[in-house]
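Visitor: Count along the sequence shown from 1, then add 2; that gives the number in this note's numbering. Heads up, the beta-carbon is just placed ideally off N, CA and C, and yes, glycines get one too.
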Amino acid sequence: MRNSDVIIIGGGLAGLTAGIHLSKKGFFVTIIEKNDFPKHKVCGEYISNEVMLYFNWLGIDLSDLRPTTISKLQFSTVNGTIINAKLPLGGFGISRFELDFYLYKKAISNGCSILQEEVEDVVFDSNTFAITTTNGSILKSEIVIGAFGKRSNIDLRLNRKFIQQKSPWLAVKAHYKGDFPNDLVGLHNFKGGYCGVSKVEKDLLNICYLVQYEAFKEYKNTIDFQNLVLKQNPHLNEIFENSKMVFEKPLTISQISFEKKDPVENHILMIGDTAGLIHPLCGNGMAMAIHSAKLVSDLLCKFKTKEIKSRDELEKEYTKLWNHNFKSRMKSGRLLANTLLKPKLSEALLRILIVFPFLLKTIIKKTHGKPIEVNNLC
Ligand SMILES: Cc1cc2nc3c(=O)[nH]c(=O)nc-3n(C[C@H](O)[C@H](O)[C@H](O)COP(=O)(O)OP(=O)(O)OC[C@H]3O[C@@H](n4cnc5c(N)ncnc54)[C@H](O)[C@@H]3O)c2cc1C
3 MRNSDVIIIG
13 GGLAGLTAGI
23 HLSKKGFFVT
33 IIEKNDFPKH
43 KVCGEYISNE
53 VMLYFNWLGI
63 DLSDLRPTTI
73 SKLQFSTVNG
83 TIINAKLPLG
93 GFGISRFELD
103 FYLYKKAISN
113 GCSILQEEVE
123 DVVFDSNTFA
133 ITTTNGSILK
143 SEIVIGAFGK
153 RSNIDLRLNR
163 KFIQQKSPWL
173 AVKAHYKGDF
183 PNDLVGLHNF
193 KGGYCGVSKV
203 EKDLLNICYL
213 VQYEAFKEYK
223 NTIDFQNLVL
233 KQNPHLNEIF
243 ENSKMVFEKP
253 LTISQISFEK
263 KDPVENHILM
273 IGDTAGLIHP
283 LCGNGMAMAI
293 HSAKLVSDLL
303 CKFKTKEIKS
313 RDELEKEYTK
323 LWNHNFKSRM
333 KSGRLLANTL
343 LKPKLSEALL
353 RILIVFPFLL
363 KTIIKKTHGK
373 PIEVNNLC
């Protein structure tokens, strides 16, 4: 096998986007993804319009998939106090099943090679990476991008700091049939967590919630938890009562960490959730994953043309850009999530927002980015 210019570990949103960008710029890219396509993923499936200019630049056109256009936010506290707002930039609703599959096909048509194997180990030595997969393949490359998501065996292998700590979060998601406005994303609090509700393509309703393990563990299963806890919020009660699940059973994931991570470790350039996961209530993780793919790809173009002269400069530049674009958003996300999990505080915040609605716009802006720029790409 020909050595790749770049190997990307993980073919999710971030990895596939970086693959599409780099192959457009003439790199020979191999993406290693352990799962097959298409596949459902636990995600709120609301994606901010921040990505649109960049998607156009990459030649990504999702219109055939018929995503919903989302322009409004409805937020409620545990007791059901509600506030409505316009989303300054807006976004769209599309399932990860369709979105990731589209990007996978686009990456292949751009010339990326996609290997369906699980990476077991990554070793950096003498300016070269050697990647071993569980099937025994060994691949070599000068550059490796880590796009292996929020939690992976590679994090353990690299002994990353965040993986040493237990994370208290788990998440549940399923698609439903039911009445819900196409242009709305609902964010509803319940004891111990919050739930996102929005329409995706094919008139499907995506319901996805994040909850602290402590709040969940005394219930036997997701059905009991939904009936006894989520439905305490009258808006969630109405939504669940009027919709029918189309999945056989909901998807669940656990050990979700929002701890700080480093964007470069062991010389691997980390993108997407591998570099840091923002609280989903910000509705911004996918846009950040895509944005970080752009940042790293553009720097690699500059590295190839020798505008960036060394690996050290590349790593420093990427860390600087990552922090500049995402660090304060992540902080605001953490602060907001902590506030919303305290029922009294969240009720008080909502009452303030009802009186001063402009403050909500400020909060949304603090947790969102601007449209991803494409003007000065290398
Ligand atoms: C509950 C919840 C709700 C969310 N809701 C929203 C939302 O509404 N809007 C939004 O913008 N964001 C949301 N997010 C965030 C969003 O889902 C993520 O930010 C996004 O999926 C990041 O993409 P990624 O490519 O970094 O990771 P992923 O999409 O997780 O991709 C990582 C890939 O790496 C692969 N992989 C892992 N280890 C290996 C290995 N060893 N070898 C090979 N492959 C490997 C995995 O199989 C996976 O395909 C939500 C997150 C959660 C937890």
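Which residues bound the beta strand (DSSP E) around residue 6?
Guide: 6 to 11
Visitor: Given 8 Å as the limit, tell me if residue 339 has its C-beta closer than that to any heavy atom belonging to ligand 1.
Guide: no
Visitor: Per DSSP, which residues does residue 226 bridge with? Please list them.
Guide: Paired residues: none, contrary to the question.
Visitor: Starting from residue 357, follow the alpha helix (DSSP H) in both directions and report where the run begins and ends.
Guide: 345 to 357
Visitor: Would you tell me roughly how many angstroms separate the C-alpha atoms of residue 289 and residue 138, rounded to the nearest one?
Guide: 34 Å
Visitor: Closest to residue 333 by C-alpha separation, out of 122, 44, 300, 260, would be which residue?
Guide: 260
Visitor: Identify whether residue 2 lies in helix, strand or coil by the three-state DSSP scheme.
Guide: Any question about residue 2 goes unanswered here, given that the chain covers just 3 to 380.
Visitor: Got a sec? Which residues, its chain only, sit under 8 Å from residue 252 by beta carbon, not counting five neighbours each side?
Guide: The beta carbon of residue 252 is closer than 8 Å to those of 174, 175, 176, 224 in its chain, skipping five residues each way along the sequence.
Visitor: Within this structure, are the beta carbons of residue 7 and residue 24 separated by less than 9 Å?
Guide: Yes, these two residues count as a Cβ contact at 9 Å.
Visitor: Is any heavy atom of ligand 1 found at a distance shorter than 8 Å from the C-beta of residue 290?
Guide: yes
Visitor: If we ignore side chains and look at the alpha-carbon of each, how far apart do residue 374 and residue 101 end up?
Guide: 19 Å
Visitor: Among 361, 240, 349, 62, which one has its Cα closest to the Cα of residue 79?
Guide: 349
Visitor: Please list the terminal residues of the continuous alpha helix (DSSP H) segment that includes residue 130.
Guide: Boundaries around residue 130 are those of the beta strand (DSSP E), 130 to 135, since no alpha helix (DSSP H) includes it.
Visitor: Taking 8 Å as the cut-off, does the CB of residue 48 come closer than this to any heavy atom belonging to ligand 1?
Guide: yes
Visitor: On the three-state DSSP scale, how would you describe residue 15?
Guide: Helix at residue 15.
Visitor: With DSSP as the reference, please indicate the residues paired to residue 190 in a beta bridge.
Guide: 78, 197
Visitor: What three-state label does DSSP hand residue 118 in the structure shown?
Guide: coil
Visitor: Does any residue of chain C bring its CB to less than 9 Å from the CB of residue 68?
Guide: No chain C appears in this structure, which consists of one protein chain only.
Visitor: Tell me, to the nearest whole angstrom, how far the beta carbon of residue 26 is from that of residue 64; I am working on the premise that it is less than 8 Å.
Guide: About 17 Å; that fails the 8 Å criterion.
Visitor: Rounded to whole angstroms, what's the CA-CA distance from residue 121 to residue 353? Just pull it up for me.
Guide: 49 Å
Visitor: Heavy atom of ligand 1 less than 8 Å from the Cβ of residue 154, yes or no?
Guide: yes
Visitor: Would you list the residues sitting across from residue 175 in a DSSP beta bridge?
Guide: 210, 253
Visitor: According to DSSP, residue 126 sits in a beta bridge with which residue or residues?
Guide: 131
Visitor: One question on the structure: do residue 147 and residue 298 come within less than 9 Å of each other, judged by their Cβ atoms?
Guide: yes
Visitor: Apart from the five residues on each side of it in sequence, which residues of its chain come closer than 7 Å, Cβ to Cβ, to residue 196?
Guide: 189, 190, 211, 212, 283, 342
Visitor: Less than 8 Å separating the Cβ of residue 211 from some heavy atom of ligand 1?
Guide: yes
Visitor: Is any non-hydrogen atom of ligand 1 found closer than 8 Å to the C-beta of residue 150, if you look at the structure I gave you?
Guide: yes
Visitor: Return yes when the Cβ of residue 74 is within less than 9 Å of the Cβ of residue 183, no when it is not.
Guide: yes
Visitor: Starting from the N-terminal side, write out each stretch of the beta strand (DSSP E) that is 3 residues or longer and does not extend beyond the stretch 26 to 81.
Guide: 31 to 34, 48 to 50, 70 to 78
Visitor: Is the beta carbon of residue 109 less than 9 Å from the beta carbon of residue 275?
Guide: no
Visitor: Have a look at 114, 126, 103, 256 and flag the residue whose alpha-carbon is nearest the alpha-carbon of residue 165.
Guide: Considering only alpha carbons, the answer is 256.
Visitor: Which of helix, strand or coil does DSSP assign to residue 21?
Guide: Looking at residue 21 - three-state DSSP - the assignment turns out to be helix.
Visitor: Between residue 50 and residue 91, is the Cβ-Cβ spacing less than 9 Å?
Guide: With contacts defined as CB atoms closer than 9 Å, residue 50 and residue 91 qualify as a contacting pair.
Visitor: Taking three-plus beta-carbon pairs below 8 Å as touching, is the stretch 319 to 328 in contact with the stretch 265 to 281?
Guide: yes
Visitor: Could you check which residue in 71, 117, 192 has the C-alpha nearest to that of residue 83?
Guide: 192
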